[in-house]
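Visitor:
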Amino acid sequence: GRNVSVNGVAVPEGQPYLRGGITVTWLGDWVAVASGLGVRVASDGHQAVTVMVDAELRGDTRGLCGTYNNDPDGKCHPCPALWCGGGGARAACHSQPHAVPPDDFQRPRGDVAAFASSFGNSWKVP
Numbered sequence: 001g002r003n004v005s006v007n008g009v010a011v012p013e014g015q016p017y018l019r020g021g022i023t024v025t026w027l028g029d030w031v032a033v034a035s036g037l038g039v040r041v042a043s044d045g046h047q048a049v050t051v052m053v054d055a056e057l058r059g060d061t062r063g064l065c066g067t068y069n070n071d072p073d074g075k076c077h078p079c080p081a082l083w084c085g086g087g088g089a090r091a092a093c094h095s096q097p098h099a100v101p102p103d104d105f106q107r108p109r110g111d112v113a114a115f116a117s118s119f120g121n122s123w124k125v126p
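For the sequence shown, full-length UniProt numbering gives the first residue as 1, with consecutive numbering after it.
#1: Check LEU18 in the structure and name its three-state DSSP category.
#2: From what residue to what residue does the alpha helix (DSSP H) around ALA116 run?
#3: What first and last residue would you give for the beta strand (DSSP E) that runs through VAL9?
#4: Beta-carbon separation of VAL6 and VAL31 under 9 Å?
#5: Measuring only the C-alpha atoms, how far is VAL112 from PHE105?
#6: Within the same chain, show all residues whose beta-carbon is closer than 7 Å to that of ARG58, passing over the 5 residues directly before and after it, in chain order.
#7: With DSSP run on the structure shown, which of helix, strand or coil describes ALA34?
#8: To the nearest angstrom, how far is the alpha carbon of MET52 from that of ASP103?
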């Protein structure tokens with residue numbers, strides 16, 4: 001089975017959850033978690049994860065999903081198909097398949113990584 005917990009409390013598989021602005025819904029093989037902050041995450045529990053954010057958060061995100069600012073300035077970086085799933089500002093590089101705008105590889109300290117691997121590793125939590 002799939003294990004989902006909210007603030008350390010297990011949510012029984014298949015049971016809806018709505019407490020403190022957090023909702024958990026089970027959609028066939030998928031589970032979706034949403035917050036009142038405008039962020040939704042869905043996963044099939046195996047390898048697929050989708051992160052969606054409300055338009056009000058445009059330009060205010062950081063991390064693995066990019067900056068969500070649709071800023072196409074500069075040269076777009078090649079991106080491995082496994083990492084590129086749409087969202088963020090990736091649409092700004094529409095003329096270059098599997099490419100991302102330069103600030104989508106922004107690391108926690110504010111610099112921009114040259115490679116997807118160094119970008120991803122920079123966001124690891126100890």
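We put the beta carbon where it would ideally sit given N, CA and C, even for glycine.
Quantities reported herein were computed from a predicted structural model and do not represent experimental measurements.
Guide: Checking against the coordinates, here is how it stands:
#1: DSSP, read as helix, strand or coil, puts LEU18 in strand.
#2: The continuous alpha helix (DSSP H) containing ALA116 extends over residues 116-122.
#3: DSSP places VAL9 inside the beta strand (DSSP E), whose first and last residues are 9-11.
#4: No. Outside cutoff.
#5: Roughly 5 Å separates the two Cα atoms.
#6: Non-local C-beta neighbours of ARG58 in its own chain, meaning closer than 7 Å and more than five positions away in sequence, comprise TYR68 and ASN69, ordered along the chain.
#7: It is a strand residue.
#8: Cα atoms of MET52 and ASP103: separation of roughly 19 Å, rounded to the nearest angstrom.
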